[in-house]
Amino acid sequence: MLVAIKKPMAAIKYCEVKNELSTLQEIVGGYIEVVRFGKYVCICDEEGKLKGKHENMCSTLLHDILVGTLIFCEVNGDEFCGIEDTKDFEDALESF
Numbered sequence: 310m311l312v313a314i315k316k317p318m319a320a321i322k323y324c325e326v327k328n329e330l331s332t333l334q335e336i337v338g339g340y341i342e343v344v345r346f347g348k349y350v351c352i353c354d355e356e357g358k359l360k361g362k363h364e365n366m367c368s369t370l371l372h373d374i375l376v377g378t379l380i381f382c383e384v385n386g387d388e389f390c391g392i393e394d395t396k397d398f399e400d401a402l403e404s405f
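399 is the number that the numbering used here gives to position 90 of the sequence shown; each next residue is one higher, with no gaps.
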C-alpha cells in the first residue's frame, strides 16, 4: 500500500509498504498508536515520548507534538489502505 512516511527533521516520502502489523511496527520502532483525521490516519510509536524520540511535527488537531517516525495512510472501516490521492492527503494534513 502507498503510505507517506515522515521522519523527524525530514520531508514526507511516499513509498509502498506491506500492510502488516510487523512492518508498521518496524517502521515506527514500537507498538503502534493510531490517530484518525477524516479518511486518513497517523500511525506512530505509542511509547515514543517515553523512549525520548525526536520531535517530528505539531498536531493542531491533537494540541500535541508527535515524535519519532510517522506513517500516514487511509482507512476503510477497520483496515489500513494506501493513499489514493496525494494532493488530497497533503491538503488534509494541513488541518492535522
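By construction, the Cβ of each residue, glycine as well, lies at the ideal position given by its N, Cα and C atoms.
Check: Would L375 and F405 qualify as a contact pair, given that the criterion is a beta-carbon distance under 7 Å?; Outcome: no
Check: Tell me the rounded alpha-carbon separation between I336 and D387.; Outcome: 20 Å
Check: Would I321 and L333 be called neighbours here (beta carbons separated by less than 7 Å)?; Outcome: no
Check: What's the gap between the Cα of K396 and the Cα of M318?; Outcome: 21 Å
Check: Would you report the Cα separation of G377 and V350, rounded to the nearest angstrom?; Outcome: 16 Å
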